[in-house]
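There are 4 protein chains.
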Amino acid sequence: MNQYGTTFPLWRASAGVHWDAFVEHAFVSQLADGSLPRAAFLHYLRQDYVFLIHFSRAWALAVTKADTVSEMRIAANTVQALICDEMELHLRLCAEEGLDEETLFATEEDPANIAYTRYVLDAGHSGDFLDLLVALAPCVLGYGEIGRRLDPAATHGAYSDWIKTYGGADYQETCEAVGALIDGAVARRLGDNPQDGPRWTALCNRFRIATRLEAGFWDMGLAAG
Amino acid sequence: MNQYGTTFPLWRASAGVHWDAFVEHAFVSQLADGSLPRAAFLHYLRQDYVFLIHFSRAWALAVTKADTVSEMRIAANTVQALICDEMELHLRLCAEEGLDEETLFATEEDPANIAYTRYVLDAGHSGDFLDLLVALAPCVLGYGEIGRRLDPAATHGAYSDWIKTYGGADYQETCEAVGALIDGAVARRLGDNPQDGPRWTALCNRFRIATRLEAGFWDMGLAAG
Amino acid sequence: MNQYGTTFPLWRASAGVHWDAFVEHAFVSQLADGSLPRAAFLHYLRQDYVFLIHFSRAWALAVTKADTVSEMRIAANTVQALICDEMELHLRLCAEEGLDEETLFATEEDPANIAYTRYVLDAGHSGDFLDLLVALAPCVLGYGEIGRRLDPAATHGAYSDWIKTYGGADYQETCEAVGALIDGAVARRLGDNPQDGPRWTALCNRFRIATRLEAGFWDMGLAAG
Amino acid sequence: MNQYGTTFPLWRASAGVHWDAFVEHAFVSQLADGSLPRAAFLHYLRQDYVFLIHFSRAWALAVTKADTVSEMRIAANTVQALICDEMELHLRLCAEEGLDEETLFATEEDPANIAYTRYVLDAGHSGDFLDLLVALAPCVLGYGEIGRRLDPAATHGAYSDWIKTYGGADYQETCEAVGALIDGAVARRLGDNPQDGPRWTALCNRFRIATRLEAGFWDMGLAAG
């Protein structure tokens, strides 16, 4: 089974129980079996729209920090995919609830939401391209992993649209591209044995922190149910 | 009574109940009467050390975004005051508990801590000098207001050192300087009637959000008690 | 005749002779009549490829500094237009000379090139969205103005490809969109009478400085002839 | 003889003739023997004041990108040293010519000046702490090397104040501290054999580019004579 490259599985393993707490969170299993209260889902969806705004900003920041034109183009394509394609799910589902985009954009952010997106942005500003990528990775690839796992359930159920979006071919392709981007970025900056270098521990720390903040995002959604 | 300039009282008023919830938080009253559990205080102190690290980074960012040499110097002096003077309290009190600076620096940040400091840094990166100052203001001037209010109690009690630091002349002087810096920055960028201009509402929003994140920091401390 | 909105003509007028020195530069008239030495054009083209890399980075920075989702999308679309469409001219013409993209990307930047692109990026980092836009404007809209003026000559001549690119409908449409983006950004931040506000002079200064750096870019091209 | 640490001599050697062209520039030898035209010196001095403003901003940016509290403090101290101590020379000499600080601050920057300072700032924004340090190094340590070399001439001559500033104990101490900061930053991020790692070439490139931009700054001064 594809693991989105060779670096991600190492980071994922280093996060240990924190990774499992994120991808196997109660919010996710309730999404999968349709038992998630609608209020929890809608609170999550509104927060996630604002999350995607700041996540797009973080990918745009990556464009400014790339070392090659190929890194730039992948990051720029991801910005487009986020603010055009992925957000389309949020806009459509929220429109069904009578919420237009301007209202969504003005959503008061939950502290758990602020914590993750601003942590990612600061990872980029304080470090280099790789410090930014490692903080972006848990969200992009975690959603990919969840989407792929839940995929069989996607044809029915209250939240099948969500599952289809992240389990679908387009999103999985984005994950492959991001996994390859990470592998290339690691090779360019850390060489062939990144795990032996002095930055590896710090990168794993960033990955774990970002993973925990992702789990906090599910907590926030569940608490609104 | 001095209000730290003319802009701060307006922002403070605009935050309404959120401001009161921050400066009159149970954590503060328990600090004042000495009833705050030691564990809560120490958790707060360790988190606050890391907070000051990132807060210093935000003031250093302000140096890079200033429009005048005077704005630069005040911001640079504040960085020095934070990482030399204000931290001294944390280092001394933590040393009494057997914690050295390296251990403190490695403190795993609570999400409530991450949320506030990274919000402030992002306010600076996404906006201008003023967007940064308005996000810094609730912490700097709120602590000044609390310190001044608690001052009479400062000569005894378990947390008198803390109260003396923020109620003391040095810190109050910093607050006056920051209040004047804000007034000057507002005049230079928004003119004589800032409340009539299109940015005023957005600045008040930032102030309210930062104020709420400050209250969340007290919540975090209290929860560790 | 369309002026790319209402703000640009004011900035343009404020730059006075510096604007004329840029858009009526000898490099431009020699491009128009085909008398520009090939060596000068090729030096310019290689430098301009690297310029576009950093200019794309500056537009990506704008994505991170936008206040509305509409501002974000226009900025993100401009990044795409630059690194996909506009660069296509450079890649095609340079390929005819035997230069591939990797070689182009590794071009040692001329100081005149560094000066302009890094000035724009720093305008963004030190200020807000508007400080960035005003530094981007002379290049985007100046090329539009030049392209439109030279258009009748575009069907023949050594440099007709260049002229067709900037005089063509796609690029002119980008200029309209950027002009509208600027007008909206000014209204949102400076209100209805931006010329009366305290930031107007500083914005005009930025525009003039960026305009002079653009003229310096032509000087650099011409000197390589 | 002290070489300001172990990394700097390697970077210096990698820049080869570009380094010599900078530290043995005609501007420098004319400073040393007093033959530099006064107009050239004053033009340089005014530009250098603005240079120091942006150089201080770059050191403040370093505070925001440090990995340890010790790195933060050294960077913060350097900001103070620049905008308090080193600038004092410029302010004093310019005051003798009837120029006050506000006038100096408003100096229209020469493109050669813009190119170097904004290149350094962008090195910081696009990369990590080390990318920023390597771009700062040629100026800080080059001036140290020049000051130390010219020192014997410092007791007389038209430009003895300048020579005393950079050849003096205070400035030389700053250079030692910066050299040690660089060595530590390299060890923390690149390990014990930095020259074998994938980032070394890129760092040497940055050093060479910054060195050439420094030489361009002398050219600018000389051209004003």
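Chains as they are written, first to last, in our numbering: chain P, -15 to 209; chain X, -15 to 209; chain B, -15 to 209; chain A, -15 to 209. We put the beta carbon where it would ideally sit given N, CA and C, even for glycine. On a predicted model such as this, the values are computed, not experimentally measured, just so you know.
### Query
Is E92/A helix, strand or coil when you go by DSSP?
coil
### Task
Have a look at R190/B, D203/B, G175/B, A161/B and flag the residue whose alpha-carbon is nearest the alpha-carbon of S54/B.
A161/B
### Query
Can you tell me the Cα-Cα spacing of E81/X and A99/A, whole angstroms?
50 Å
### Query
Nearest CA to the CA of V170/B: which residue from D115/B, F6/B, M204/B, S19/B?
D115/B
### Message
Counting only Cβ-Cβ distances shorter than 8 Å, please list the residues of the region 10 to 25 of chain X near chain P, keeping chain order.
### Response
none
### Query
In chain P, which residues lie with their C-beta within 7 Å of the C-beta of T48/B?
R41, A44, L45
### Task
Could you tell me which of I166/A, R196/A, T195/A, Y155/A sits nearest to E72/A, measuring between CA atoms?
Y155/A
### Query
Does the beta-carbon of G18/A have 16 or more other beta-carbons within 10 angstroms, so that it is buried, or is it exposed?
exposed
#### Entry: Residue burial classification, E93/P (beta-carbon count within 10 angstroms, cutoff 16)
buried
### Query
What residues from chain X crowd round D115/B, counting only those whose CB sits closer than 9 Å?
D112
### Beta-carbon contacts of V7/B that lie in its chain and below 7 Å, excluding the five residues immediately before and after
G126, E129, I130
### Task
Can you pull the chain A residues whose beta carbon is under 8 Å from the beta carbon of A96/B, in chain order?
P95, A99
### Query
Alpha carbon to alpha carbon, what distance is there between G151/B and P230/B?
Residue 230/B is absent from the structure shown; chain B starts at -15 and stops at 209.
### Message
For A60/P, would you say it is in contact with chain B, using Cβ-to-Cβ distances shorter than 7 Å as the test?
### Response
yes
### Message
Determine, for R173/P, whether the minimum Cβ-Cβ distance to residues of chain A falls below 7 Å.
### Response
yes
### Message
Contact criterion: CB-CB distance below 7 Å. Does R102/A meet it with respect to chain P?
### Response
no
### Query
Residues of chain B with CB under 8 Å from L197/A, in chain order?
P95, I98
### Ranges of the alpha helix (DSSP H) found wholly within the region 102 to 160 of chain X, counting only runs of at least 4
113 to 134, 144 to 151
### Task
Pick out whichever of E85/A, R102/A, V63/A, G163/A has its Cα sitting closest to the Cα of R(-4)/A.
G163/A
### Min CB distance R57/B to chain X below 7 Å
no
### Cβ neighbour criterion (16 or more within 10 Å) applied to V1/P
exposed
### Query
Which chain B residues are close to E85/P, counting only those with a beta carbon under 8 Å from its beta carbon?
V53
### Task
Find the residues of chain A that neighbour G200/B, judging by a C-beta separation of less than 9 Å, and give them in chain order.
P95
### Query
Taking H74/A as the reference, which of I147/A, A121/A, G175/A, H9/A has the closest Cα?
I147/A
### Query
To the nearest angstrom, how far is it from the Cα of N134/A to the Cα of A79/A?
For the sequence presented, residue 134/A should be read as Leu rather than Asn. Rounded to whole angstroms, L134/A to A79/A spans 25 Å at the Cα level.
### Task
Check the Cβ of D106/X against every Cβ in chain P and list those closer than 9 Å, keeping chain order.
H38, R41, I98, T101, R102, L105, D106, H109
### Query
Quick one: is D176/A buried, meaning 16 or more other Cβ sit within 10 Å of its Cβ, or exposed?
exposed
### Query
With a cut-off of 7 Å, does the C-beta of V162/B fall near any C-beta of chain P?
no
### Query
Along the chain, where does the alpha helix (DSSP H) that runs through H74/X open and close?
71 to 80
### Task
Would you check if there are 3 or more beta carbon pairs closer than 8 Å linking the region 62 to 72 of chain X to the region 43 to 53 of chain X?
yes
### DSSP-derived helix/strand/coil call for P(-7)/B
helix
### Query
Going by beta carbon distance, what residues of the same chain come within less than 7 Å of G(-11)/A, once the five residues before and after it are set aside?
G163, A164, I166, D167
### Query
For R183/X, which residues in chain B fall below 7 Å Cβ to Cβ?
R173
### Query
Do you know offhand how far A24/B's Cα is from A10/B's?
12 Å
### Query
Of all the CB atoms in chain P, is at least one closer than 7 Å to the CB of F35/B?
no
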